[in-house]
Amino acid sequence: MSTSTINKSNIASKVWFDENKMSLLLNDGREISVPIEWFPRLRDASPAQRNNWRFIGNGEGIHWPDIDEDILVEALM
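Counting from -8, one number per residue, gives the positions in the sequence shown under the numbering used here.
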């Protein structure tokens, strides 16, 4: 009997927004979405401020310098 292991990742490779949610693509191919309402700084930020982000910890987190916000990918799961 053959067994296979699914390698799950907490590393993001892409971040994008729509009007109500933030979505992430993880290195293992999963996509997750969360309401931006959960994050008041993101909710109240302009689209330009939301889109000015960078990965921290090689994709373990996301930082928004304009609004001084940091979110860990693991916290979204």
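By construction, the Cβ of each residue, glycine as well, lies at the ideal position given by its N, Cα and C atoms.
Residue i burial status per 10 Å Cβ neighbour count (16 or more: buried)
| i | result |
| --- | --- |
| Met13 | buried |
| Gly52 | buried |
| Ile27 | buried |
In DSSP terms, what residue i is bridged to
| i | result |
| --- | --- |
| Trp7 | Ser14 |
| Arg45 | His54 |
| Leu63 | Gly52 |
Inter-residue spacing [alpha-carbon to alpha-carbon] between residue i and residue j
| i | j | result |
| --- | --- | --- |
| Val6 | Gly50 | 10 Å |
| Asp57 | Asn43 | 7 Å |
| Ser37 | Asp59 | 13 Å |
Presumed contact (8 Å Cβ cut-off) between residue i and residue j, rounded CB distance
| i | j | result |
| --- | --- | --- |
| Ile62 | Phe30 | 7 Å |
| Arg41 | His54 | Going by Cβ atoms, the distance from Arg41 to His54 rounds to 12 Å, so no, they are not a contact pair. |
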